[in-house]
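Numbering (the numbering used here), first residue to last: 436 to 589.
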């Protein structure tokens with residue numbers, strides 16, 4: 436059996452939640468107010484677990500990466516699927532979990548501080564006036580740029 440993170444009931448006698456860690460070390464965590472989500476930070480990433488009840492094993496459904504240093508805090512906005520992270524570099528980010536047609540995604544909705552902006556898995560579509568230098572930088576970082584008909588004539 437792999438590593439697990441066990442959360443006990445209020446009396447500390449009964450296991451209420453088990454998270455499968457698979458080599459992940461939890462340093463910060465928080466429950467959503469609806470009780471269906473757990474966000475846990477370890478190093479430069481946050482993992483999200485979803486469960487149907489507090490008593491059952493939960494499943495890691497998303498990993499949020501792209502932080503420049505350790506995540507120091509996690510807090511949930513009450514009655515929503517929004518949570519916030521703070522990092523030791525002074526950055527603060529607000530996130531939303533979106534579920535549509537059975538697909539789940541974690542979206543950055545606001546960011547403050549930090550020394551750089553990163554994008555992971557981003558699609559760059561319909562951008563006008565992108566300089567050749569910025570286009571090359573995006574391509575070097577793995578962006579897939581879709582050319583518009585106007586771009587093909589130049």
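Glycine included, every Cβ here is placed at the ideal spot set by N, Cα and C.
Straight-line Cα distance separating residue j from residue i
i	j	result
residue 533	residue 540	5 angstroms
residue 567	residue 440	48 angstroms
residue 523	residue 479	10 angstroms
residue 589	residue 544	Because residue 589 carries a pLDDT of 47, less than 50, the predicted location of this residue cannot be relied on, and the following value inherits that uncertainty. The alpha-carbon atoms of residue 589 and residue 544 are separated by roughly 35 angstroms.
residue 463	residue 547	20 angstroms
residue 528	residue 465	15 angstroms
residue 531	residue 517	4 angstroms
residue 501	residue 448	37 angstroms
residue 497	residue 561	28 angstroms
residue 563	residue 513	39 angstroms
residue 537	residue 571	35 angstroms
residue 493	residue 503	28 angstroms
residue 446	residue 565	59 angstroms
Same chain only: Cβ atoms within 7 angstroms of residue i, ignoring 5 sequence neighbours per side
i	result
residue 515	none
Buried versus exposed, by CB contacts within 10 Å (16 or more), residue i
i	result
residue 391	The requested residue 391 does not occur in the structure, where the chain is confined to residues 436 to 589.
residue 509	buried
residue 468	exposed
residue 526	buried
Spatial neighbours of residue i in its chain, beta-carbon cut-off 6 angstroms, leaving aside the 5 residues before and after
i	result
residue 495	482 and 484
residue 476	462, 463, 506 and 509
residue 569	none
residue 499	481 and 541
residue 460	477
Fill in: Secondary structure, alpha helix (DSSP H): runs of 4+ residues fully inside the stretch 512 to 556
None, since the stretch 512 to 556 contains no complete alpha helix (DSSP H) of that length.
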